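*Asks:*
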Amino acid sequence: MQKNKDRVVLVTGAAGFIGSALVKKLLNLNFKVIGIDNLNEYYDKNLKLNRIKEINKLIESSKSKENWIFYKKDLKNFKDIKNIFEKHRPKNVFNLAAQAGVRYSLENPFEYVDSNLVGFVNILEACRGFDVNHLVFASSSSVYGSNQRLPFREEDHADYPISLYAATKRSNELMAHSYSHLYDFAVTGLRFFTIYGPWGRPDMAPMIFSKAILNGEAINLFNNGDMKRDFTFIDDAVESIIRCSEKGTGSDTQFVKSPINPSYSGASYRIFNVSNNNAVSLIDFLALLEDALGKKAIINFKDMQPGDVKDTLGDNNLLENWIEFRPNTPLKKGIQIFAKWYLEYFKH
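With the first letter of the sequence shown counted as 1, position 76 gets the number 76 in my numbering; the numbers rise by one all the way through.
1. Report, in whole angstroms, the separation of the C-beta atoms of Ala-98 and Asn-116, which I expect to be a contact under 8 Å.
2. How do the stretch 218-232 and the stretch 289-296 stand: do at least 3 beta-carbon pairs fall below 8 Å, yes or no?
3. Which residues bound the beta strand (DSSP E) around Phe-192?
4. What are the boundary residues of the beta strand (DSSP E) that includes Trp-68?
5. Give the secondary structure of Ala-21 by DSSP, where H, G and I count as helix, E and B as strand, and everything else as coil.
6. Using the rule of at least 16 other Cβ atoms within 10 Å of the residue's Cβ for burial, across every protein chain shown, is Asn-4 buried or exposed?
7. Thinking Phe-152 and Gly-16 are a contact (beta carbons under 8 Å), I'd like their distance in whole angstroms, please.
8. State the beta-bridge partners of Lys-228 as determined by DSSP.
9. Identify which residue in Leu-214, Asn-215 and Thr-194 has its Cα closest to the Cα of Ala-205.
10. According to DSSP, Arg-270 sits in a beta bridge with which residue or residues?
11. Sorted by chain position, which residues of the same chain lie with C-beta nearer than 7 Å to Ser-140's C-beta, five sequence neighbours on each side aside?
12. By the three-class DSSP mapping on this structure, what secondary structure does Lys-247 have?
13. Would you call His-134 buried or exposed, if buried means 16 or more other Cβ atoms sit within 10 Å of its Cβ?
14. Identify, in the order they occur along the chain, each residue of the same chain with its Cβ nearer than 7 Å to the Cβ of Tyr-112, setting aside the five sequence neighbours on each side.
15. For the beta strand (DSSP E) containing Val-121, name the first residue and the last one.
16. When you compare only the Cα positions, how much space is there between Met-304 and Asp-311?
17. Ordered along the chain, which non-local residues of its own chain (more than five positions away) have a Cβ less than 6 Å from that of Tyr-144?
18. So, helix, strand or coil for His-181, using DSSP?
19. As a quick exercise: from Ser-268, Gly-189 and Trp-199, pick the residue whose alpha carbon is nearest that of Phe-94.
20. Spatial neighbours of Leu-150 within its chain, please: C-beta separation below 6 Å, excluding the five flanking residues on both sides.
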């Protein structure tokens with residue numbers, strides 16, 4: 001990915017949590033980044049706009065304004081996507097755009113069809129039509145469904161999702177494999193495990209809990225608090241994305257054919273967990289957040305919610321063996337970094 005001809009990259013979901021962090025890292029590495037986001041109102045649009053402002057500040061300070069071009073476009077409009085690919089000819093594509101959230105999918109299923117299925121096939125078609133070297137896309141730990149064997153490994157079958165969101169992410173993996181096989185371009189899917197950090201999503205635990213703690217509001221802990229999550233710091237996720245993109249541009253000889261292992265294929269296709277390999281109870285997570293914010297939480301214990309998974313824990317050995325890196329930021333350190341940002345951003 002370091003050759004001059006490969007300097008143009010495209011990031012979808014560029015105003016999102018992971019997408020905007022990736023854009024900043026790529027710009028720091030002197031890539032020309034084409035960003036796409038529809039700036040929808042699933043959560044506070046101002047947060048997305050402020051992420052873009054942070055990227056613009058970075059560009060202005062680096063005096064490389066030509067390295068950043070942003071389009072407010074929707075992936076479900078193939079004509080718009082095709083025009084962007086035709087104009088800029090990106091050699092590496094990072095698809096991080098998606099309709100996120102498990103509970104929202106129970107109420108708004110068609111949003112997931114439009115964004116995660118129609119939008120994704122449009123990206124695949126554009127990659128096929130414009131000779132993209134490598135597509136790296138966001139999958140999710142939710143594809144493991146109610147799998148009881150921990151830690152989750154890529155060799156595990158992931159055919160029983162328990163939410164529509166998870167089903168669309170698993171569908172993305174299957175769609176991507178078919179395109180990689182048919183049209184011979186490299187594809188890597190990354191199953192992210194509870195990414196957190198500065199500029200995070202307001203619908204995820206760190207932001208929800210922080211807001212409640214500082215406002216003196218009660219926090220709902222579901223399944224009576226008996227849930228664990230594998231929290232992965234944003235910087236580790238971004239490093240994994242970039243290393244996978246660099247490693248994966250190559251011929252099929254880099255990929256192993258193993259019909260009994262669904263994480264491998266004869267196509268130029270790989271699936272990896274991006275996790276911290278450490279399951280932490282929500283009670284312990286909340287205690288770290290209380291310490292970092294300097295205030296105690298009010299807790300309401302609730303029953304399990306539909307679509308939720310009790311525990312997540314990702315084995316990241318396959319990732320480390322492939323890119324010689326594994327997410328390793330200690331949760332306490334990551335929470336302190338997040339809390340510092342939160343207090344400054346929301347002026348507490």
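Backbone N, C-alpha and C define an ideal beta-carbon position, used for all residues, glycine too. These figures come from a predicted structure and were not determined experimentally.
*Replies:* Straight from the coordinates:
1. In the sequence shown, the residue the question calls residue 98 occupies position 98. In the sequence shown, the residue the question calls residue 116 occupies position 116. About 5 Å; that satisfies the 8 Å criterion.
2. No: fewer than three Cβ pairs fall under 8 Å.
3. Here the question's residue 192 lines up with position 192 in the sequence shown. DSSP places Phe-192 in the uninterrupted beta strand (DSSP E) bounded by 186-192.
4. By 1-based counting over the sequence shown, the position of residue 68 is 68. For Trp-68, the enclosing beta strand (DSSP E) stretches over residues 68-72.
5. Here the question's residue 21 lines up with position 21 in the sequence shown. DSSP places Ala-21 in helix when its eight states are reduced to three.
6. In the sequence shown, the residue the question calls residue 4 occupies position 4. In this prediction, Asn-4 has a pLDDT of 48, which is less than 50 and means its spatial position is unreliable; nothing more can be read from the coordinates.
7. Counting from 1 along the sequence shown, the entry for residue 152 is found at position 152. Counting from 1 along the sequence shown, the entry for residue 16 is found at position 16. Actually they do not touch by this definition, with Cβ atoms about 24 Å apart.
8. In the sequence shown, counting from the first residue as 1, residue 228 sits at position 228. Under DSSP, Lys-228 shares a beta bridge with Ser-281 and Asp-311.
9. As a first step, residue 205 must be located in the sequence shown, where it is residue number 205. It is Thr-194.
10. The residue you call residue 270 lines up with position 270 of the sequence shown. Bridge pairing for Arg-270: Thr-188 [DSSP].
11. Reading the sequence shown from its first residue, position 140 is the one you call residue 140. So the qualifying residues of the chain are Ala-166, Lys-169, Arg-191 and Phe-192.
12. Translated into the one-based positions of the sequence shown, residue 247 becomes position 247. In the structure shown, Lys-247 adopts helical secondary structure according to DSSP, grouped into three states.
13. Stepping through the sequence shown from its first residue, residue 134 is reached at position 134. Classification of His-134: buried, given that the 10 Å Cβ count is 16 or more.
14. The residue labelled residue 112 in the question sits at position 112 within the sequence shown. The answer, listed in chain order, is Gln-99, Ser-105, Leu-164, Tyr-165 and Thr-168.
15. The residue labelled residue 121 in the question sits at position 121 within the sequence shown. Per DSSP, Val-121 belongs to no beta strand (DSSP E); it is in the alpha helix (DSSP H), 119-129.
16. As a first step, residue 304 is located in the sequence shown; it is residue number 304 there, counting from the start. As a first step, residue 311 is located in the sequence shown; it is residue number 311 there, counting from the start. Between Met-304 and Asp-311, the C-alpha separation is close to 12 Å.
17. Along the sequence shown, read from residue 1 onward, the residue named residue 144 stands at position 144. So the qualifying residues of the chain are Phe-152 and Ala-158.
18. The count along the sequence shown starts at 1 and reaches residue 181 at position 181. The DSSP-derived three-state label of His-181 is helix.
19. Here the question's residue 94 lines up with position 94 in the sequence shown. Closest option to Phe-94, Cα to Cα, is Gly-189.
20. By one-based count along the sequence shown, residue 150 stands at place 150. Same-chain partners within the cutoff: Leu-313.
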